Amino acid sequence: MAELQIQKLVKRYGDFHAVRDVSLTVADGEFLVLLGPSGCGKTTTLRMVAGFIEPTAGQVRLGGTDITSLPPWKRNAGMVFQSYALFPHLTVAQNVAFGLEMRKAARPEIDKRVEETLALVRLEGYGGRLPRQLSGGQQQRVALARALAIHPDVLLLDEPLSNLDAKLRQEVRVEIRELQQRMGLTTVMVTHDQEEALTMADRLVVMSEGSVRQVGSQRDLYERPADRFVAGFVGRSTFLDGTVEAPGRFRTDGGLSLTCAGGQVSNGGGKASLSLRPERLEVAAAPMAGLDNCLPGTVEFVSYLGAMIDIHVRLSPADRLVVQIANREGGFTPDVGQTVHVGWRASAGQVFNK
Ligand SMILES: Nc1ncnc2c1ncn2[C@@H]1O[C@H](COP(=O)(O)OP(=O)(O)O)[C@@H](O)[C@H]1O
Ligand SMILES: [Mg+2]
Numbered sequence: 459m460a461e462l463q464i465q466k467l468v469k470r471y472g473d474f475h476a477v478r479d480v481s482l483t484v485a486d487g488e489f490l491v492l493l494g495p496s497g498c499g500k501t502t503t504l505r506m507v508a509g510f511i512e513p514t515a516g517q518v519r520l521g522g523t524d525i526t527s528l529p530p531w532k533r534n535a536g537m538v539f540q541s542y543a544l545f546p547h548l549t550v551a552q553n554v555a556f557g558l559e560m561r562k563a564a565r566p567e568i569d570k571r572v573e574e575t576l577a578l579v580r581l582e583g584y585g586g587r588l589p590r591q592l593s594g595g596q597q598q599r600v601a602l603a604r605a606l607a608i609h610p611d612v613l614l615l616d617e618p619l620s621n622l623d624a625k626l627r628q629e630v631r632v633e634i635r636e637l638q639q640r641m642g643l644t645t646v647m648v649t650h651d652q653e654e655a656l657t658m659a660d661r662l663v664v665m666s667e668g669s670v671r672q673v674g675s676q677r678d679l680y681e682r683p684a685d686r687f688v689a690g691f692v693g694r695s696t697f698l699d700g701t702v703e704a705p706g707r708f709r710t711d712g713g714l715s716l717t718c719a720g721g722q723v724s725n726g727g728g729k730a731s732l733s734l735r736p737e738r739l740e741v742a743a744a745p746m747a748g749l750d751n752c753l754p755g756t757v758e759f760v761s762y763l764g765a766m767i768d769i770h771v772r773l774s775p776a777d778r779l780v781v782q783i784a785n786r787e788g789g790f791t792p793d794v795g796q797t798v799h800v801g802w803r804a805s806a807g808q809v810f811n812k
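One point on numbering: in my numbering, the residue at position 337 of the sequence shown is 795, and numbering is uninterrupted.
Structure below.
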């Protein structure tokens, strides 16, 4: 295993920047997740690390060595592709052996590694099958075995769980994470799924439009999002638009005057958003004491999510919030059309300039 360094990596297609100036360091044994919406440059970044895409500028270093100009099979990087990309006409064992053959390993060594790696992903005895004779979850494990068989210095995973159904996805997440920890694998995984990112990562990188927006732990990103984009993408936020009238005072476009966290300075009357976490808001039939803000509103929409219930409350013609409450036995669940009171502490929100 080794440390991976990405330095000022750029990929341009004509005038279009798929990746702009991305720099990251992944520590030896660390599980780093690149999280961002579709099209933000995650796959392009990962493929530049693997050697399948040539960077327009920048460097990739693995264990201190510059590997930027090496072809994929000369980099000790194991990659799992989004669609698995198994060779359909090759058996499971031949698929797993592929990287070793590219690297001209000796036959007995190849056979030994294939057997070991299939055992590692719990597919002993499946070596003679073709990919189409396997379930989606098994195919995913073959793709993982193919990446691991070369004993990579870095494991690269591109949306490895996106083809699995929801329940299997949750199981495989845990399997991959345990395997990665046990083997001490330096790993970079790409996903657009924030729950997957939050469950698996040691550290996360939020990307948008080819750039890194924020790097940090789950807690850093959730508690201290760097901008409105991160606030909306990691965890959930509900936004009120308006202006900061004075430090600690936010006026919404609908005319509500709210207390917001101190230290958030007015931006000269310019447009701002107050971002609130739905699960940090409270809702009750009567006004609530002891909160910095408490406002009446009308329930417009209720969605029942099982463990949680989302309540959409109209506070003014221009202001609507989502409140998320736990679905507790005997808990208060308002109906559509009902008048309720929504309250929160100033610390539940964060103001971002627009
Ligand atoms: N070969 C290419 N030619 C032109 N544009 C491309 C090419 N490959 C990717 N792009 C564009 O680069 C951007 C980033 O793509 P990608 O890295 O695949 O995003 P992600 O994996 O985050 O969904 C997208 O807008 C995509 O359309
Ligand atoms: Mg992608």
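Heads up, the beta-carbon is just placed ideally off N, CA and C, and yes, glycines get one too. Remember, predicted model here, so these are calculated numbers, not experimental data.
Own chain partners of residue i with C-beta closer than 8 angstroms, once the 5 adjacent residues on each side are dropped
| i | result |
| --- | --- |
| LEU578 | ALA603, LEU606, LEU637 |
| LEU779 | THR696, LEU698, LEU734, PRO736, LEU739, GLY755, HIS770, VAL771, LEU773, VAL800 |
| PRO610 | ASN534, ALA535, GLY536, LEU643 |
Minimum C-alpha distance to residue i - residue among the options
| i | options | result |
| --- | --- | --- |
| ASP616 | ALA744, SER731, GLY499, VAL554 | GLY499 |
| GLY764 | VAL757, ARG738, THR791 | THR791 |
| GLU654 | SER669, GLY494, LYS532 | GLY494 |
| GLU667 | GLY472, VAL477, TYR471, ALA460 | VAL477 |
| ARG627 | MET641, GLY557, THR649 | THR649 |
| LYS562 | ARG519, ILE608, GLY472 | ILE608 |
Span of the alpha helix (DSSP H), counted from its first residue to its last, around residue i
| i | result |
| --- | --- |
| VAL507 | 500-508 |
| LEU637 | 624-641 |
| PHE691 | 686-691 |
| THR514 | THR514 -> no alpha helix (DSSP H), and no H or E assigned at all. |
| LYS729 | Premise fails: LYS729 lies in the beta strand (DSSP E), 729-734, not in any alpha helix (DSSP H). |
| ARG565 | 565-578 |
| GLU488 | GLU488 -> no alpha helix (DSSP H), and no H or E assigned at all. |
Contact under 8 angstroms by Cβ, residue i with residue j
| i | j | result |
| --- | --- | --- |
| LEU613 | GLY536 | yes |
| GLY509 | ARG533 | yes |
| LYS729 | THR701 | yes |
| VAL760 | VAL794 | yes |
| THR502 | LYS469 | yes |
| ASP750 | ARG803 | yes |
7 angstroms Cβ shell around residue i - same chain, five flanking residues per side excluded
| i | result |
| --- | --- |
| ALA624 | none |
| LEU622 | GLY594, GLY595, GLN598, VAL630 |
Nearest-angstrom beta carbon gap, residue j and residue i [assumed within contact, 8 angstroms]
| i | j | result |
| --- | --- | --- |
| LEU490 | ALA659 | 7 angstroms |
| VAL670 | LEU679 | 12 angstroms between Cβ atoms; not a contact. |
| GLU461 | ALA485 | 6 angstroms |
| VAL646 | VAL507 | 7 angstroms |
| LEU656 | GLN676 | 5 angstroms |
Beta strand (DSSP E) segment containing residue i, residue limits
| i | result |
| --- | --- |
| GLU758 | 751-762 |
| TYR471 | 462-471 |
| PHE834 | Given a span of 459 to 812 for the chain in the structure shown, any question on residue 834 remains unanswerable. |
| ALA784 | 777-784 |
| GLY700 | 696-704 |
Contacting residues, own chain, Cβ-Cβ under 6 angstroms from residue i (five flanking each side not counted)
| i | result |
| --- | --- |
| ALA551 | VAL572, GLY585 |
| LEU581 | ARG599 |
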